[in-house]
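One structure below.
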Amino acid sequence: MWRTGPGPSLRRAARLCSSTPPKASHTNKLRPHAEKQRRRRVREEGILSSQHGSAEGKAVKWSEKQKIAYTAPTPPGAKKDTSLPFPSCYSPEYVESSWYQWWEKEGFFSPEQHERLPHAGDRTFSLCIPPPNVTGTLHLGHALTVAVEDALVRWRRMQGCRVLWVPGCDHAGIATQTVVERRLLRQTGKHRRDFTRDEFLEEVWKWKNEKGDEIYHQLRKLGASLDWSRACFTMDPGFSRAVTAAFVRLCDSGLIYRSEGLVSWSCALESAISDIEVDSKELSGRTMLSVPGYEHKVEFGSMLSFAYPVEGHDTEVVVSTTRPETMLGDVAIAVHPDDPRYQTVHGKHCRHPFTDRLLPIITDSMVDVELGTGAVKVTPAHDHTDFVLSQRHSLPRLTVIAGDGTMTGSCGQWLEGVKRFDARQLVVDALVEKRLFRGRKAHAMSLPVCSRSGDIIEPLLRNQWFVRCDVMAKKAVQAVEERRLEIIPEYYTKTWKNWLSNISDWCISRQLWWGHQIPAYKVMLPSYEGQQEEQWVWGRSEDEARQRAAVKYGLKPDAVTLTRDPDVLDTWFSSALFPFAMLGWPDQTADLQQFYPNSVLETGSDLIFFWVARMVMLGTELTGQLPFKQVLFHSLVRDKYGRKMSKSLGNVIDPLDVIHGVSLERLQAKVKEGNLDPREQLVAMEAQRKDFPAGIPECGTDALRFALCSHKMQGEDISLSVAQVLSCRHFCNKMWQTLRFTLGVLSENGATLETIAKSDPKLEETRCCSSQHRDQTCTPREIHQTAPLSSMDRWICSRLHSTVGQCEQAFEAYELHSVTSALYSFWVHSLCDIYMEYIKPLLTQQDQEVVLTTDAEHSGDARQAAIAVLYHCVSVSLALLSPFMPFITEELWQRLQPFAPEAAAQTSLCLQPYPRSAQLCGQCVRPARPRSSFASGQRLAL
């Protein structure tokens, strides 16, 4: 945890006064930390460099668009009225009104509607949304997950699959408890310990019920087609029962055990925390930092050296440490057995200057002779490597820092109760007084910081519950090697194998009140009142645990006294059960039998260890099956400066601010509401001022989703700018104006496509010209009997056929950026820029100079065919775009329906069959482009 270089021994490498400098290789290994810090400083300086200059150069330039409100009286859940006049311009507020409530009320997102689909198939497609923390709000990183998953879900649903996409929220133990504690302190002046556990939990549930639905509101605004009837919260009674069952089963199988071990401890929270909740703060040297609970800043990034006199010898061993307060817990000094500098002191002792303890000088090959002097202080209760040394050499483990961050009584009265970083200076002063201090110098190091509290992590020795991971990890690696589990992109398989092959046991105890209380009970036996060794049992209930204890110790149940462990389980433990607990496990429910294993897990690549690997391990162990067949990782979303979007940097953007628009003042107010230090707040607010001097424009949900899916997921991190989203809003307007033109043409003709088709037998059905395809219909009834007559008609149909094929291939490969690129190119370049320019004079009955290339073009059939082809291209394109842009495509598709040749099979576009290239015979849509007399570059004004 305390990383100062390439390996654990660097944490407290000891030095003699005459030690040689580190080799170049050591310096090289430290460079990544320094380089990371340098890049961050460059980015921040780039943001601040023109702090007092104009922000107009690189800012998002936009003008306020006309906002149109949908005002027709529509009760919640009722279908939107699309018979109203078609607005003159695109307005997200108008388009996105009412549709989601109708979809949800009609049950379109439920797998039960599958049976009503004429094109229903036998395949199922299931997945869970990575459950966001109930404490927070979604940012653009979450929006990427939603956009990608919903595109896949809607595509599979339109293909006729039985689809289940389950929403959920994580109870977020530490984050939620911290938020509520701060709220109570602010409102009542009371700390958590001033309440009973039940009283505090009542306050947490009250807060959750007030604030917990904000994420669900955001998901609905993003258009996520989730089955809300199956929404799952990790503290729901059913889910809690699954967590208890999992813990008991793993205990019974010996995969969960209780042991004393070192854990990452937050003194501010007074709890062990997960690795995912530890941030590494890179220090290049001496740095003063603010620490919770301290009035003044504390110094870090310094290496201090002091001497241990060798008992009975006129010599000393100098050791170095970044944490001098821990020397009160030193129990030995270790050297390498082959190091010639210490051959004469093997087996000797040094006397501790403050406790008078004798510290043995031990030999161990773990010590690196090339680092410092090759002698290291051994503090087993406060360092992970030293803990291993203590196991190998049967050394005592002396805890000198308590859970609240104060020094323990074993340090002596002069330090007992003193806060650890205050004790640091007292120890240094005492070493100087005893003439044992040997110097201080700047030292590059990685400082572990609690992401929840900002506290400095302290490794502490605690009795905790651990999950034994080695065997389960081997099975997870084997599943990937045997191709039973596919990881996409494939290059993550190496990361997967490397991490799981070196995995440690997982501490799952948390010293919190909010969470799943561990279903384990300490046993007090009547005949062993003075028992020293802890005895534990577990059970799905206290009665079951009592029965287990009675059987285990040969007693009557009423003779057993049980005390439940007050700790709760790590949030990641319950999250690891999500793919099957959400379906009703441990009961063999219909959902579990039908939708487990899930088809795919889609999530950010940063969760590969903390969530994905644990789901695979626990899912395989508890259900006998892998929890999903594929894992699809998308890249991380970064801001335009290359910084990861993080609340700690103040650069997160609420997707609702992009959808609805927001002022610069409101953006900066959100930054001020956070807990950023002054410099980070300055950088965040300056970046906002430069990027959004006029705020963020209203872009709409469809534009945001399309922009997110237009980035290549399986590659470099995504640098998303609002300018890109605004460009996609312009595409929405292009679609809107295309439909406005199309509907105008259809209205002027006063006939449906069916009437047009029946007016000419050649439009009713056209057979292939190729003899080998005589039995195929080029333009079957499913695409409205569209018979391309002119070469231009044939060309645009060939482009549509090609686009459908590209979408099919790219969707199957999860290359959504290729789908969006193909659809944008067809609509803008092929349909609008070329085909509509060509047919506009014909359809609007203007004088035309178009050079006609076939006899058919001289007849009245040319106009009717052009109308049919235009309708066909637009309606098919809307279906192709529906998974990405559900609101605008639904709105426009519904307005096309009065002109449809036959009633649609379903009332909503989201349940229509997804277009397939097999619907068209590609050989009969030859990509010929006719000659035309309109000037190159001339475009239809949309």
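Counting in our numbering, the sequence shown runs from 60 upward without gaps.
Beta carbons are placed, not taken as given, at the ideal position from N, Cα and C, and that holds for glycine.
- Ranking 759, 243, 546 by CA distance to the CA of residue 664 puts 546 first.
- Residue 545: not part of any alpha helix (DSSP H); member of the beta strand (DSSP E) spanning 545 to 547, first to last residue.
- Just measuring C-alpha positions, the residue of 139, 722, 776 sitting nearest residue 703 is 776.
- Contact check between the segment 142 to 162 and the segment 745 to 764: three or more CB pairs, one atom from each, fall below 8 Å, which counts as touching.
- Here the alpha carbons of residue 328 and residue 241 stand approximately 12 Å from one another.
- Comparing C-alpha distances from residue 793 to each of 883, 902, 396 shows the shortest one belongs to 883.
- Taking 8 Å as the cut-off, the Cβ atoms of residue 129 and residue 157 count as close.
- According to DSSP, residue 338 shares a beta bridge with 508.
- In this structure the segment 871 to 888 lies against the segment 927 to 943, because at least three pairs of beta carbons, one per stretch, are closer than 8 Å.
- Burial check for residue 247: the Cβ neighbour count within 10 Å stays below 16, so the residue is exposed.
- Relative to residue 523, the option among 568, 617, 353 whose CA is nearest is 568.
- When 199, 773, 947 are compared, the shortest CA-CA separation from residue 876 is found for 773.
- When DSSP states are grouped into helix, strand and coil, residue 271 belongs to the coil group.
- At the C-beta level, residue 676 and residue 766 stay beyond 8 Å of one another.
- Going by beta carbons, residue 604 and residue 598 fall inside the 8 Å limit.
- Here DSSP, grouped into helix, strand and coil, assigns residue 615 to coil.
- Apart from sequence neighbours up to five positions away, the residues of its chain that approach residue 510 with a beta-carbon distance below 6 Å are 336, 338, ordered along the chain.
- Taking 8 Å as the cut-off, the Cβ atoms of residue 619 and residue 565 do not count as close.
- For residue 489, the closest of 312, 473, 768 by C-alpha to C-alpha distance is 473.
- The beta carbon of residue 670 sits closer than 8 Å to the beta carbons of 189, 631, 634, 635, 662 from its chain, once the five residues preceding and following it are set aside; these are given in chain order.
- With at least 16 other beta carbons inside 10 angstroms of its own, residue 285 counts as buried.
- Taking the C-beta atoms as reference points, residue 363 is found no nearer than 8 Å to residue 440.
- For residue 719, the enclosing alpha helix (DSSP H) starts and ends at 714 to 719.
- For residue 217, the enclosing alpha helix (DSSP H) starts and ends at 199 to 217.
- Beta bridge pairing from DSSP links residue 693 with 663.
- Fully contained in the segment 556 to 641 are the following alpha helix (DSSP H) runs of length 4 or more, in chain order: 601 to 612, 630 to 634, 637 to 640.
- Annotation for residue 164: no beta strand (DSSP E) segment contains it, though the alpha helix (DSSP H) segment containing it runs 158 to 165.
- Cβ-Cβ distances below 8 Å link residue 797 to 886, 890, 891, 895, 933, 1001 in the same chain, with the five nearest sequence neighbours on each side left out; the list follows chain order.
- Taking a C-beta distance under 8 Å as the contact criterion, residue 654 and residue 642 qualify as a contact pair.
- Taking 3 residues as the shortest admissible run, the segment 449 to 524 contains the following complete beta strand (DSSP E) segments, listed from N- to C-terminal end: 496 to 501, 504 to 509.
- In this structure the segment 344 to 354 does not lie against the segment 391 to 406, because fewer than three pairs of beta carbons, one per stretch, are closer than 8 Å.
- A distance below 8 Å between beta-carbons, with the five flanking residues on each side excluded, links residue 768 to the following residues of its chain, in chain order: 206, 207, 210, 875, 876, 878, 879, 943.
- With a cutoff of 8 Å on beta-carbon distance, residue 580 and residue 622 are scored as near each other.
- Cβ-Cβ separation between residue 922 and residue 802: approximately 17 Å, too far for a contact (criterion under 8 Å).
- The closest CA to that of residue 638, considering only 626, 744, 292, 416, is found on 292.
- Cα atoms of residue 221 and residue 710: separation of roughly 39 Å, rounded to the nearest angstrom.
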